[in-house]
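Chemist: Please see the structure below; I have some questions.
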Amino acid sequence: MKPIIAKTWHLSLIIGLRFLGLFVVISVLSAYAKDLPGATPTLVGLAVGGYAFTQAAFQVPFGSLSDKIGRKKAILIGLLIFAAGSVIAGMAHDIYTLLTGRFLQGAGAIGAVIIAMISDHVREEERAHAMAVMGMVIALAFTAAMIIGPIIGGLPDGVPLLFYLTAAMALLSIVLLFTVVPEPPKITHTFAEEEAKVVHVFKDKDLVRMYVTFLFHSSTMAIAFFLIPLELKNTFHLPLSEFWKVYLPAVIFGILAMGPSAVFGEKYNKGKEVFLISIAFIALAFVLMGFAPSLWLFGVGVTLFFIGFNMFEPLLQSFVSKFAKAHQKGAALGVANTFAYVGMGIGATLAGWIFAHWSVKGVAITVLIVSVFWALWIAGMRNPGLRGTLYLDTEHYDRNKLPELKKEAGINDVYVNETEGVMVIKYDKELLDEDEIRGKMLKR
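Spelled out as structure tokens, the structure:
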């Protein structure tokens, strides 16, 4: 585990700082935005999740751009845009200026690029651990945000200060990017030019199931962060500065749930089963939050939501990386994160509209119905453990045989890590045997 941490800590820290900037704001934003001039429940929902629409629009372009010009340059551009949007949001005195800043924040869509860069630095079998490291950093950022956000947000002009803090963290991330993050290894892919088109990342059925899962998963988060601050302030009359008392235990239990989730999902190849259990937790959480007669029962609902939501975290990005081909990794992660951000935008905006017409109970029932369809969708997914990865050194194995090998049934992807002198072959364990592949690739 230590070598993996050494390879990925800097990138995990950058993405952790970015999420810290997002989470410190989102923990109190709906309660703050509803009092701005021009605010309506729907516009408040758009303020919570609106940045996700521009994230969705720019996620695939950033992912594809990073495959062409390099990860670091793409990350730099995204961080500068994100910082500018944060400053504008902090200066907002009405709902429309806040929306402008949030939309600009979203245009810095670098999440998939960072994840792709982490995947570049680690081997296939190490990827789950690398994603777990990143997930833990994000979880720690989330925990800190649930305390820092309400405390600072409860001060006079506290929420604008949170936006300025977000901009500062983006600039700090740029410093880290060019001082401690190494260049990714040089990879040579074996594929036809036609395969490089984004449309090809929709041809794998398991990848498509993951894309839709990203959408539902993120939509529930956006709905939760629209709902929780409003209910805490309006229904249970809790000051912003005390929101952390509800968030903190929920986040702690959520972090604890990530460990068993990663073990069962990766080590025991039970990812689909983990997803189904997580969906059940999320559905029950919204029922409790929607119909809770007391603050403590509402808090139980919040805790169940964080458990269900966090159980997905160690597995989502890892599964997409495993299902995707090497030369499509940036694009596939870009598509996955696009679906995630579309889900966030739709989730928060739709929650605002439903809340305005049918109150919190209508929101809860809607999530319950969506969860049923989500579970049915996941039920047809294959666990990625059925796909194996083989590493062959170029000294003893013939790289010139890769084009012919790629034509065989059961070969999902082949590429060469030029930096390490290793050929990487991803194959279907149900159709091919590792020793059989080794025999075909030996130099004669």
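First residue of the sequence shown: 690, per the working numbering; consecutive thereafter.
We treat Cβ as the ideally placed atom computed from N, Cα and C, and that holds for glycine.
A quick note: this is a predicted structure, and the numbers were derived from the prediction, not measured.
Express the C-alpha separation of residue 719 and residue 634 in angstroms, rounding to a whole number.
Modeler: Summary: the structure shown does not reach residue 634, with the chain confined to residues 690 through 1133, and so no result is reported for it.
Chemist: Would DSSP call residue 872 helix, strand or coil?
Modeler: When DSSP states are grouped into helix, strand and coil, residue 872 belongs to the coil group.
Chemist: Apart from the five residues just before and just after residue 1051, which ones in its own chain have a Cβ nearer than 6 Å to its Cβ?
Modeler: Correct list, in chain order: 1043.
Chemist: Roughly how many angstroms separate the alpha carbons of residue 769 and residue 823, rounded to a whole number?
Modeler: 22 Å
Chemist: In whole angstroms, give me the CA-to-CA distance for residue 923 and residue 910.
Modeler: 20 Å
Chemist: Go through its chain and collect everything with a Cβ distance to residue 950's Cβ below 6 Å, but skip five positions before and after it.
Modeler: Correct list, in chain order: 963, 1000, 1003.
Chemist: Is it buried or exposed for residue 730, if we count other Cβ within 10 angstroms and need 16 for buried?
Modeler: buried
Chemist: Only counting the same chain, and skipping five residues up and downstream in sequence, which positions put a Cβ closer than 7 Å to that of residue 702?
Modeler: 826, 865
Chemist: Quick one, which of 956, 982, 1014 has its alpha-carbon nearest residue 888's?
Modeler: 1014
Chemist: With a cut-off of 8 Å, do at least 3 Cβ pairs link the region 1075 to 1089 to the region 1120 to 1127?
Modeler: yes
Chemist: Suppose the cutoff is 6 Å on Cβ atoms and the five residues either side in sequence are ignored; what does the same chain contact list for residue 660 look like?
Modeler: There is no way to answer for residue 660, as the model of the chain reaches only from 690 to 1133.
Chemist: Please confirm if the region 1102 to 1114 is in contact with the region 1079 to 1090, defined as three or more CB-CB distances below 8 Å between the two stretches.
Modeler: yes
Chemist: Measuring alpha carbon to alpha carbon, tell me which residue in 1040, 722, 966 is nearest residue 1064.
Modeler: The shortest C-alpha separation from residue 1064 is found at 966.
Chemist: Which one or two residues does DSSP pair with residue 1076 in a beta bridge?
Modeler: 1117
Chemist: Are the region 829 to 841 and the region 938 to 946 touching, with three or more C-beta to C-beta distances below 8 Å?
Modeler: yes
Chemist: Using the Cβ count rule (16 or more neighbours within 10 Å means buried), how would you classify residue 1058?
Modeler: exposed
Chemist: Entirely within the region 919 to 988 and at least 3 residues each: give me those beta strand (DSSP E) ranges in chain order.
Modeler: none
Chemist: Under a three-way DSSP split, which group does residue 799 fall into?
Modeler: coil
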